[in-house]
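A.B. asks: First the structure, then my questions, so here it is.
In our numbering, the protein residues as written are 2 to 110.
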């Protein structure tokens, strides 16, 4: 008999990023200091830590699968897929940030 597959948990590490919507229109002016809340660098660091954590989890489960001590191979499959998706997201965000930086630098020339 097979055991049912557990639900996939929410992606963690990006909880510091707020929602984008009508509330964003009431944000302070560009010259105002936005000291409350989490800054972008902290949110980015937490996101990268989450990516590293998911990769470490997948690596640990891969070692267990290779040594024959892994009870449920589906755990490794889900962890590896989650790590792959989180890495793809981080790479896409990096590419978009570089493109935006290059566009801003092009405006100054």
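All C-beta atoms, glycine included, are put in the ideal place defined by N, C-alpha and C.
With residue 76 and residue 86 assumed to form a contact (beta carbons below 8 Å), what rounded beta-carbon distance in angstroms separates them?
C.D. replies: The pair is not a contact, with the Cβ atoms about 16 Å apart (cut-off 8 Å).
A.B. asks: For residue 84, tell me which candidate among 59, 68, 47 has the shortest Cα-Cα distance.
C.D. replies: Of 59, 68, 47, the residue nearest in Cα terms is 59.
A.B. asks: Confirm, please, whether the CB-CB distance from residue 49 to residue 91 is below 8 Å.
C.D. replies: yes
A.B. asks: Are there 16 or more other CB atoms within 10 angstroms of the CB of residue 52, so buried, or fewer, so exposed?
C.D. replies: buried
A.B. asks: Using the three-state DSSP reduction, which class does residue 71 fall into: helix, strand or coil?
C.D. replies: coil
A.B. asks: Going along the chain, which residues of its own chain have a beta-carbon closer than 6 Å to the beta-carbon of residue 55, five neighbours each way excluded?
C.D. replies: 83, 84, 87
A.B. asks: Given this structure, state the Cα-to-Cα distance separating residue 100 from residue 93, to the nearest angstrom.
C.D. replies: 11 Å
A.B. asks: Between residue 74 and chain C, is there a C-beta pair that is closer than 8 Å?
C.D. replies: In the structure shown, chain C cannot be found, because there is only a single protein chain.
A.B. asks: So, with DSSP's three-state summary, where would you put residue 50?
C.D. replies: helix
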